[in-house]
Amino acid sequence: MFKKSAPELISCPRNTGYNWSTIITVIGSGTICGRVLRAAASAVLTNMVGNTLPTAHKAVEPVRRWKSYYVELADKIQSQAFGSIVDKYELDVLSHPIIGREGLLLVKPEHHDDFIRDVTAEGIAFRIHADDVKSQLDYDDMMIELQNTASKARNGGRQLPYDNYQEIEAINDYIDSIGRQYPNIATVVNAANSFEGRPIKYVKISSTNFKDESKPVIFIDGGIHAREWISPPTVTWAIHKLVEDLTERDLLDNFDWILLPVVNPDGYKFTFTNTRFWRKTRSTDQAGLSGICPGVDGNRNYDFFWNSVGTSNSACSDIYAGSRAFSEVETRVVRDILHEHLHRVALYITMHSFGSMILYPWGHDGSLSHNALGLHTVGVAMANAINQNSLPHFPRYVVGNSALVLNYRASGAAEDYAHFIGVPLSYTFELPGLSSTMLGFNLNPRYIQQCGEVTTFKMKYLLLVCLFYGVLAKHELYDGHALYEVNVRSIEQTKLVYEFENELFLDIWVNAVPGHPGKVLVPKDKRAIFESFLQQNSVQYKVGTENIKEQLDKEDELLASATARSNNSRIGFDRIHTFEEVDAYLDQLARDYPNVVSVVLGGRSIEGRPIRYLKISTTNFQDTRKPVVMIQSLLHSREWVTLPATLYAIRKLVVDVTESDLVQNIDWIILPVANPDGYVFTLTVDVYSVEQTKLVNEFENELLLDIWSYAAPGHPGKVLVPKAKREIFENFLKQNRVQYKVETENIKEIHTFEEVDAYLDKLARQYPNVVSVVLGGRSVEGRPIRYLKISTTNFQDARKPVVMLQSLLHSREWVTLPATLYAIQKLVVDVTESDLVQNIDWIILPVANPDGYVFTLTDRFWRKNRATRYMIANRCPGVDLNRNFGHRWGTASSSNPCQDTFHGGAAFSEPESAVIRDIIAQHSDRLALYLDIHSFGSMILYGYGDGVLPPHALQLNLLGVQMAQAIDRVKWPSNRNYIVGNILHVLNYAASGGASDFAMSAAAPYSYTYELPAYRNSPWMDGFLVDPAFIEQAGFETWEGIKVGARAAAAGFRNGKAV
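So for the sequence shown, my numbering puts the first residue at 235; every next one is plus one.
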């Protein structure tokens, strides 16, 4: 039934004499000699150590006569029976048995006979571990104290929390010493005080003081369950390796770290002074019985399915969930750390013991996260790295879903909560235990450092996995998926293919119709059945991409390369910087050097730009004996060369200080841009004379450039220069001393949601007379849904028509975002056709589905929002927002939440579609044109989606053709011409509840869905994937169509009414 394991206790050395030094030597060498040495060591300790042992296991310990048993389960039936026995007798399971691996549990004296009877009846294998748990704990205390004494002797009296079990005071002292000794990389944060008033401290470790937003954050905590003593030393070992004994510098350079050794200091302290097996916090304010039965299980107190399964409402239970989610200050600390750094936390690990397991969500029901493959792959990589370097008799690590591995469910856990709010990699580590003591709760002290080493060993490798998680998590999901191009020849084939694709739950990118091939993404395990179906029905097809993962990898590579080329955030002296760059640099200096630098807003220019200067002082301008030196530049805005001089002075006084007396003895005021309006004005092509005017205009015509506006003295010109002619043009301007700037913002990368949101705010600040940002509402996950209102009359002129644009209603359609951003650019920043702003008011919503868009960084082909209320356990999240609008809702869409076209619980059930509805309602009397921008297919589609044509269908078609022709004139030759028509008649399938249908039925006479093209000239990119080379072109050509539609709609606007 059980195999005998290799003994950890070996025979006694002869003639030891049992003196003090011999025992220390024997213990330190890992040689322990059974019962005889136990007695001898106990006697020596009594005589020589006195009362220095922990007092936890004296008269107050409530485990006298308790027994501990090993249990081994053969199958799931036994596992279920074991769970019932645990509940029946309220057994304390120290390590949960899993099939094939023993577990350990405590049995109270009054339940011994019943326990043995029941497990025997169920055929469950068991054996005794300790006849008297109290005696075992006393022995463990002796071992800990011996190790502690030996450790102090080795370390000059220091108590190191990573080579023995130390009380909370010693751990906090160590944390404080790290902060004092290594202030450049370690910051100690006292996050809060526990219920009993103890500080909850953590360490932030960073080579850049957490200022580099591009670095992932790794967050590790321990000690939430107080009795799991091996957990805090593992976290403090990580602190030691990252700060005191840094052998792999890139771990510090590439990652920021947050390490919290003891989440539950009150409970941890209580395990030393009173009850060794105390698990919970020590709060007494949660229920009527809390005074008698204090504490809450911290790992049942998080706000994810809180108190729904695997918890108790009884304050006297070890798994009491508390009176509410986050009732405990200890769990609130972890929550607040996660939320503060959520945009960067790549990996969260909560250390527990014991069992040698790496567990991932979801623990409340055993369902798998959408990122389960990524979680499992990284988990296995971590387990392999640990297993390869652990001692031979350490158990091998098991990796898997926590509920499935442990065969019990528990809600409100930290690992689940962290993953739920957005941490891509979230794990519970169950550290190893050995059979000589009470196992993992206090692993034999001689193994503590080894446990820390193997747990963090090869951390460099593990974290490189996390660093490239974006590729792993997003793309491993699609490894082996193939993209098929399907050609149908008849309506019958169209219906057959469409129905079968939906039956297989395939991801349809484009529906196949006669004369227009469809595209569908097919998982590896469904390829054979899909191809067999097509062959049986004589449907022509070809495999466009054998493995879509390769295209996804290439997309990441190209986008990262494009971003790197366009991102230069440092201030250098090799070029002239814009006013915005200088302004941002001042703020950066104030953040990086707060003890020396402060930024002062002196006032605002005529056009409203801030006039800001730096005060540089080591005494905060409080020492009146120090003289003040003031420097300014760019009072004459065209004198560009003066700016590098002041920026260089700032650098030498703050960043690269080589003559400290200049800072110590003098206070400085430096105003880099004294004339911001003039300086901004000069940073375009600005000619100073009639001679220069003629030269520039003639040369522009000679090169056959696209002149948007001619340059004249005092009036900068704008010209569009092809890539092949840029160098020639710039050389000409330099030779003739003509000042110029490449003005058009480079929209050659896909921006994150946060970047877009910040860009809207920036525009509102810079152009307050034209632009305002409106918070329309919040998404399912709480992100702001914000849009721009662009108007020269602040939307007060009722005679002006309104045009509304939106993008990213379907989150995977990344190429639609540059189209709306380009429109914003041409309406606000680079206005070349002023009638579009003077005569029309604009509403532009760049990210209509923020949650889905953010999630595409995990699952690149995610289409829906992230609603999770439609199925038990939140399986199949999300609603197709373009089926959720209130026009014939639910008639031509899916009621299955697992389908990509799921229409939701009711029309406008989702906050995202409700925001758009409210915008349309607010401006219904003036809304002349509504454009919902999607991809892909090179189409302009109008309603209705059920094939019923509106009375003015002819006008809709004519304007659609005009917009399509405008795009076709400037599109790349490799792309198809646009198709124009009714949704059903073009796509040959009905679709109800669409945004453009609702807009036309409610307000807008002209309402269209744009399907932007896929860039078909790329060997890598097609469909939803984006080649950076096409991004700007997509925005440019779409704007040509938008302009035509906006002008036509405005022309049809009569007497304050859209007609």
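Backbone N, C-alpha and C define an ideal beta-carbon position, used for all residues, glycine too.
Item	Value
Given I962 as reference, the closest of D487, V930, E988 and H985 once Cα atoms are compared	V930
First through last residue of the alpha helix (DSSP H) which encompasses T728	I725 to E737
Nearest to R569 (by Cα), restricted to the options E664, A647, L485 and L1042	A647
Between the CA atoms of L325 and K342 - distance to the nearest angstrom	8 Å
D433: first and last residue of the uninterrupted beta strand (DSSP E) it sits in	In the sequence under discussion, the amino acid at residue 433 is Pro, which differs from the Asp named in the question. Taken as a continuous stretch (DSSP letters only), the beta strand (DSSP E) holding P433 covers P433 to I439.
Buried or exposed by the 16-neighbour rule on C-beta atoms within 10 Å, applied to P467	buried
Cα-Cα separation, T1102 to G1112	6 Å
Per-residue DSSP class, three states only, for H363	strand
Stretch-stretch touch, CB-based, cutoff 8 Å, three pairs: the stretch 435-442 with the stretch 482-495	yes
Euclidean distance between Cα positions of T1026 and V1065	13 Å
D1075 burial status per 10 Å Cβ neighbour count (16 or more: buried)	buried
Stretch pair the stretch 1200-1219 + the stretch 1128-1142: three plus CB contacts closer than 8 Å	no
Distance, D1231 Cα to N1216 Cα	11 Å
Expected contact under 8 Å - CB spacing of N1209 and S1172 to nearest Å	6 Å
Local conformation of V1182 per DSSP, three classes	coil
As assigned by DSSP and simplified to three states, the class of F506	helix
Pairwise C-alpha distance: I553 and S369	26 Å
Start-to-end residues for the beta strand (DSSP E) that takes in Q866	V862 to Q866
Simplified DSSP assignment, three categories, for Q1040	strand
V731 beta carbon less than 8 Å from that of D741	no
Beta-bridge partners of E664, as assigned by DSSP	H586 and M591
Environment of N406 [buried if 16+ CB atoms lie within 10 Å]	buried
Segment contact, 8 Å Cβ cut-off, at least three pairs: the stretch 509-517 with the stretch 551-567	yes
Separation of L1055 from E893, as counted between CA atoms	47 Å
Continuous alpha helix (DSSP H) stretch holding P1018: start and end	Per DSSP, P1018 belongs to no alpha helix (DSSP H); it is in the beta strand (DSSP E), P1018 to I1024.
Distance CB(I190)-CB(V477) smaller than 8 Å	Outside the modelled stretch of the chain, which goes from 235 to 1293, sits residue 190, for which no answer is possible.
Counted within 10 angstroms of its Cβ, other Cβ atoms place D1020 as buried (16 or more) or exposed	In the sequence under discussion, the amino acid at residue 1020 is Arg, which differs from the Asp named in the question. Buried.
Close-in-space but distant-in-sequence residues of the same chain around R804 (CB under 7 Å, 5 per side omitted)	In this prediction, R804 has a pLDDT of 45, which is less than 50 and means its spatial position is unreliable; what the coordinates show is noted afterwards. There are no such residues.
Three-state secondary structure (DSSP) of G1275	helix
Whole runs of the alpha helix (DSSP H) within the stretch 528-597, excluding any shorter than 4 residues	563-574
Outcome for H577 when other beta-carbon atoms lying within 10 angstroms are tallied against a minimum of 16	exposed
Cβ-Cβ distance between Y582 and S660 below 8 Å	yes
Inside the stretch 1195-1225 only - alpha helix (DSSP H) runs reaching at least 4 residues	1217-1221
Per-residue DSSP class, three states only, for K968	helix
First and last residue of the uninterrupted beta strand (DSSP E) at F453	V451 to G456
8 Å CB neighbourhood of W1273 in its chain, flanking five on each side removed	A1053, Y1056, A1057 and K1060
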